[in-house]
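In UniProt numbering, the protein residues as written are 1 to 95.
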């Protein structure tokens, strides 16, 4: 935050933006320091969470019935997880 104030930035730049702005000559030195925490990629497996924006159940229009994701119908609260798990929150912060 101190560096943002020093250079007049309104907010902290996203990591993706910083990596994209790296000059090629400095990339080899700086990229390992900017990458994700080593314990997240230690096994060389990176977990990716993909979530879609909520919308009305398409099954109502196609099969005229409810599905397992919205057992109370399309206008009810969803029964399944709505995305406030640790993986979801990490993805929201990374946007």
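Just so it is clear, CB atoms sit at the ideal spot from N, CA and C, and this is done for glycine as well.
Just so you know, these numbers come straight off a predicted model, no measurement behind them.
CB of residue i within 9 Å of CB of residue j, strictly
| i | j | result |
| --- | --- | --- |
| residue 95 | residue 35 | no |
| residue 30 | residue 22 | yes |
| residue 49 | residue 90 | yes |
| residue 16 | residue 4 | no |
Member of the options whose CA lies at the smallest distance from the CA of residue i
| i | options | result |
| --- | --- | --- |
| residue 51 | 22, 28, 85, 45 | 85 |
| residue 87 | 63, 7, 20, 47 | 47 |
Where the alpha helix (DSSP H) through residue i begins and ends
| i | result |
| --- | --- |
| residue 90 | 86 to 94 |
Cβ shell of residue i (< 8 Å), same chain only, five flanking positions each side left out
| i | result |
| --- | --- |
| residue 19 | 31, 34 |
For a minimum of 4 consecutive residues, which ranges assigned as the alpha helix (DSSP H) are wholly contained in the UniProt domain "ELP3-like N-terminal" (2 to 42)? Correct list: 2 to 6, 15 to 20, 24 to 34.
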